[in-house]
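Input: a single structure, listed below in C-alpha cells.
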Amino acid sequence: AGAAPLLTVQGLEGWYGESHVLHGITFDVKPGEVVTLLGRNGAGKTTTLRAIIGILGKRKGSIRYDGTETIGMASRNIAKLGLGYVPEERGIFSSLSVYENLMLPPRVKPGGMTVDQIYTLFPNLKERSGSQGTKLSGGEQQMLAIGRILRTGAKLILLDEPTEGLAPVIVQQIGRTIARLKSEGYTIILVEQNFRFAQTVADRHFVVEQGRVIDMIPNAELDANIDKLHTYLGV
Ligand code: ATP
15 AGAAPLLTVQ
25 GLEGWYGESH
35 VLHGITFDVK
45 PGEVVTLLGR
55 NGAGKTTTLR
65 AIIGILGKRK
75 GSIRYDGTET
85 IGMASRNIAK
95 LGLGYVPEER
105 GIFSSLSVYE
115 NLMLPPRVKP
125 GGMTVDQIYT
135 LFPNLKERSG
145 SQGTKLSGGE
155 QQMLAIGRIL
165 RTGAKLILLD
175 EPTEGLAPVI
185 VQQIGRTIAR
195 LKSEGYTIIL
205 VEQNFRFAQT
215 VADRHFVVEQ
225 GRVIDMIPNA
235 ELDANIDKLH
245 TYLGV
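Using full-length UniProt numbering, the letters of the sequence shown correspond one by one to residues 15 to 249.
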C-alpha cells in the first residue's frame, strides 16, 4: 500500500483547439498496478491517455512519471521515459507483415521484449509472423499492437479499449495477457467500457465524468458499489 506512485496526474486540463475537454483529472498509479478509467462515451478517457503521452495539443496541470514532470515535454521524450500507448484503432500497418510491424517502433529504453519473447506471449503472432497486417483478426491485431509497445521497453502501458469488438474468448485472452504483464512488473492504465472485464484485471477503478475524475473504487469494492457504477455509466 505504501509504494510511491509511478504516475501522478494532478489537476490535468486539456483542449482540442478551443474546445476545453479535460477540467481537472487527478489520479495516481502505483508501480505494478492495473487501473482503469471508466466512464461514459465522451467523458474524456481517451483524451486523458493522449495527454499523458503528450499528443494532446494543449495541456495544463501536472503529470509526473517516476518523479519527472512531463507536462512540458515532447511526446518523443515522454516515450523515452518508458511510457507506451496502444490506441483504440491499434495503428497496425496493413501493408507490412506481423514481424515488420513488430520491428517498426524504436526501442526507447533498454529491457524491451525481444520478438521471440513477444511470440512466446502471443503464439498466434508467431504463426502469423509473415502475414500482412490486413490479414489478421481483430484479436490478433490487438495482440500485435500490444506486442509492438512491449518491444520498445515501455514499462507503463496505456491501453485504450483493447477488448472493443472482440469475441469473448479473445477478450479472455487479452485479460490473461494483462494479468501476465502485471505479474512481470508492468504497470497498466486501461480504458474500458466493459466494467465486467475491467473487474477481472484491475486493482482500482477511476470514474471519469465530463473531464474530471469523480470517484475511485477499489476492485474489491466494485460489486458493493454496483448501483453507483450503473448510475455513473448510465447502463
Ligand atoms: P469514447 O469512449 O467515446 O472515446 P472518451 O471518454 O474516451 O469516450 P474522449 O474521446 O476523450 O472521450 O472525448 C472527450 C471529449 O472530447 C468529447 O466531447 C469528444 O467529442 C471530444 N473530442 C474527442 N476527440 C476530439 C477531437 N479530435 N477534436 C475535438 N474534440 C474531440
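Note that the Cβ used here is the ideal one computed from N, Cα and C, for glycine as well. The structure presented is a predicted model; accordingly, all values stated were derived computationally and were not measured.
Does residue 115 pass the burial test, meaning 16 or more other C-beta atoms within 10 Å, or should it be called exposed?
buried
If you drop the 5 nearest sequence neighbours on each side, which residues of the same chain put their C-beta closer than 7 Å to that of residue 216?
48, 49, 50, 204, 233
Residue 127 (DSSP reduced to helix, strand or coil):
coil
Closer than 7 Å: residue 40 CB and nearest the ligand ATP heavy atom:
no
Between the stretch 62-79 and the stretch 121-136, are three or more C-beta pairs nearer than 8 Å?
no
Where do the ends of the alpha helix (DSSP H) carrying residue 245 lie?
240-247
Beta-carbon within less than 6 Å of residue 41's beta-carbon, same chain only, minus the 5 sequence neighbours each way: which residues are those?
23, 220, 227
Flag residue 151 as yes if its beta-carbon sits less than 8 Å from any beta-carbon of chain C, otherwise no.
Structure shown: chain C not included; a single protein chain is present.
Within 7 Å: the Cβ of residue 30 and any heavy atom of the ligand ATP?
yes
Going by DSSP in three states, residue 224 sits in which element: helix, strand or coil?
coil
Any non-hydrogen atom of the ligand ATP within 7 Å of residue 68 CB:
no
Nearer than 7 Å: is that true of the beta carbon of residue 33 relative to any heavy atom of the ligand ATP?
yes
Does the distance between the C-beta of residue 57 and the nearest non-hydrogen atom of the ligand ATP fall short of 7 Å?
yes
How about residue 60: is its Cβ closer than 7 Å to a heavy atom in the ligand ATP?
Remark: the shortest separation between the CB of residue 60 and any heavy atom of the ligand ATP falls under 7 Å.
Hey, could you find the ends of the alpha helix (DSSP H) residue 161 is sitting in?
152-166
Considering only their Cβ atoms, is the gap separating residue 246 from residue 170 smaller than 8 Å?
no
Near residue 92, what residues of its chain come up, given a Cβ to Cβ distance below 7 Å and the 5 sequence neighbours on each side ignored?
67, 68, 84
Closest by CA to residue 28, which one among 89, 240, 20, 39?
39
Go through its chain and collect everything with a Cβ distance to residue 152's Cβ below 6 Å, but skip five positions before and after it.
179, 180
Starting from the Cα of residue 37, find the closest Cα among 173, 238, 222 and give me that residue.
222
So which of 60, 164, 213 has the shortest CA-CA distance to residue 96?
164
Residue 53 CB to nearest heavy atom of the ligand ATP below 7 Å:
yes
Within this structure, are the beta carbons of residue 209 and residue 172 separated by less than 8 Å?
no
Does DSSP put residue 149 in a helix, a strand or coil?
helix
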